[in-house]
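Data block below; observations after.
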Amino acid sequence: MNSFNKKCYEILKKVPKGKITTYKEIAKALKSKAYRAVGNAMNKNPYSFAALGWAGGKNLKSSDLVPCYRVINSNGNVGGFASGTKNKVRILKSEGVEIVNNKINLKKYLFKLKN
DNA sequence: CGGTTGACCAAGT
DNA sequence: GACTTGGCCAACC
1 MNSFNKKCYE ILKKVPKGKI TTYKEIAKAL KSKAYRAVGN AMNKNPYSFA
51 ALGWAGGKNL KSSDLVPCYR VINSNGNVGG FASGTKNKVR ILKSEGVEIV
101 NNKINLKKYL FKLKN
């Protein structure tokens, strides 16, 4: 696995349920400005929400999975999602994140990563 | 190895 | 508030 992607995943796995982080924060945690590269990595990430068993009902080990839906834009917008933004929103809501007009209150839900 | 792409960001118009 | 521009970086062709 590429080092960069792996790091992204490792960081993302630290985000607890009910919280979110941003592409920018992840890049910052990597001491880089690769906002876009992070998004790119997520887009190709092998552990989509479908792999979480959400759709299939198959329970896989969460330790091997990446909650890519917990990553949003730095301006609070939900951003994109490979399998549809609607699904992303739905999943987040199910974890207790309030989403209004496709936006999230960063002050309330942003998980601060170690730098 | 250059050029394009993108689930991005910030500042400008 | 919207739309455009320039910049950033890894992956891909």
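The first sequence lines up with residues 1 to 115 when you count with our numbering. Here a beta-carbon is modelled for each residue, glycine too, at the ideal position from N, C-alpha and C.
Does the beta-carbon of residue i have 16 or more other beta-carbons within 10 angstroms, so that it is buried, or is it exposed?
i, result
"Lys88", "buried"
"Glu25", "buried"
"Gly18", "exposed"
Grab the span of the alpha helix (DSSP H) containing residue i for me, first residue to last.
i, result
"Ala29", "23-29"
"Leu106", "106-109"
"Arg36", "35-44"
"Ile20", "Note, Ile20: premise wrong, no alpha helix (DSSP H); not H, not E."
"Ser74", "Note, Ser74: premise wrong, no alpha helix (DSSP H); not H, not E."
"Glu10", "3-13"
"Ser94", "85-94"
Hey, would you say residue i sits closer than 8 Å to residue j, going by beta carbons?
i, j, result
"Asn73", "Tyr23", "yes"
"Ile20", "Val97", "yes"
"Ile104", "Val78", "yes"
"Gly76", "Leu106", "yes"
"Cys68", "Val38", "no"
Going by alpha carbons, who is nearest to residue i out of the options?
i, options, result
"Tyr47", "Ala82, Lys112, Lys28", "Ala82"
"Gly80", "Lys13, Lys33, Ser3, Ala41", "Ala41"
"Tyr35", "Val71, Pro16, Leu92, Arg90", "Val71"
"Lys6", "Pro16, Lys86, Ser94, Asn45", "Asn45"
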